[in-house]
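First the structure, in the form of structure tokens, and then the observations on it.
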Ligand SMILES: [Zn+2]
């Protein structure tokens, strides 16, 4: 069931490239202008934008930005600082096919009401149930050595965190999120996944049992119908037998068995 489980690449970005430097400048500019849109392709052009695989941590400064446009990007991940973008309402990384997961911190964007995310690219999506990479030994590294609990913000290290997957509905999409957790208390505070997704926080890997994907649904429906038909036939036979026993309740048992047999 878990198809195509890939490892999560860390260090995805060349931070000395012209593309990255321009992107950081653009973030500063948008923060200074107090602009409500962040669309890096417009500032960088197609060529440089295609060399961008993550966003700078400084996006946390974009307090006024309501719309993030990342259509057709080559992004592989989004940093947890997106949770500090408190005005974010619309998030559009549509057709960014390398974006398989999001940091749980995006759940802190309470104004987010609309999103456009390519479902098939997401871990655990209902269409193909792409496998979740295994999170043993906290393999996902953000930039720098320190990180924070995704729930209570407590400072953590990669040795003390407990990384888990959780699928949550946000904006207009249901998306897999990576949570860094300091304790089981914080784990229990994670939101409940919607129906038809792994119902609890988990560590991924090949042994993870996911609900059936969309393509397997017709098979399941056929099986259910077959089961119903069999149950119906069994019930009918039972009714028939009961009727015979009732109408022949005076007969000796051997005759009765023969009568049922002849039916
Ligand atoms: Zn915590």
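In this note's numbering, the protein residues as written are 25 to 287.
For glycine and all other residues, C-beta sits at the position ideal for the given N, C-alpha and C.
From the DSSP output, in three-state form, read off residue i for me.
i           : result
residue 234 : coil
residue 61  : strand
residue 44  : helix
residue 33  : coil
residue 82  : helix
residue 181 : strand
residue 138 : strand
residue 166 : coil
residue 38  : coil
residue 204 : strand
residue 91  : strand
residue 197 : strand
residue 52  : helix
Count the other CB atoms, across all protein chains shown, that sit within 10 Å of the CB of residue i; report buried if there are 16 or more and exposed otherwise.
i           : result
residue 259 : exposed
residue 144 : exposed
residue 92  : buried
residue 25  : With a pLDDT of 47 at residue 25, under the threshold of 50, the predicted position of this residue should be treated as unreliable, though the coordinate-derived value follows. Exposed is the call here.
residue 80  : buried
residue 234 : buried
residue 58  : exposed
Rounded to the nearest angstrom, what separates residue i and residue j at their Cα positions?
i           : j           : result
residue 132 : residue 107 : 5 angstroms
residue 109 : residue 251 : 51 angstroms
residue 29  : residue 156 : 6 angstroms
residue 111 : residue 135 : 6 angstroms
residue 39  : residue 240 : 43 angstroms
residue 33  : residue 166 : 10 angstroms
residue 180 : residue 256 : 58 angstroms
residue 52  : residue 63  : 13 angstroms
residue 199 : residue 103 : 15 angstroms
residue 147 : residue 254 : 37 angstroms
residue 218 : residue 203 : 17 angstroms
residue 264 : residue 248 : 25 angstroms
residue 169 : residue 97  : 27 angstroms
Can you name the start and end residues of the beta strand (DSSP E) that residue i belongs to?
i           : result
residue 110 : Careful: residue 110 lies outside any beta strand (DSSP E) and carries neither H nor E.
residue 132 : Segment: none, residue 132 is in no beta strand (DSSP E) and carries neither H nor E.
Under a CB-based cut-off of 9 angstroms, is residue i close to chain C?
i           : result
residue 202 : Included in the structure is just one protein chain, with no chain C present.
Give every residue of the same chain whose Cβ lies closer than 6 angstroms to the Cβ of residue i, excluding the five residues on either side of it in the sequence, and list them in chain order.
i          : result
residue 84 : 105 and 108
residue 56 : none
For residue i, I'd like the list of residues in its chain whose CB is within less than 8 angstroms of its CB, leaving aside the five on either flank, ordered along the chain.
i           : result
residue 113 : 90, 91, 135, 136, 137 and 138
Leaving aside the five residues before and after residue i along the sequence, list all residues of the same chain whose C-beta is less than 7 angstroms from its C-beta, in chain order.
i           : result
residue 209 : none
residue 75  : 41 and 43
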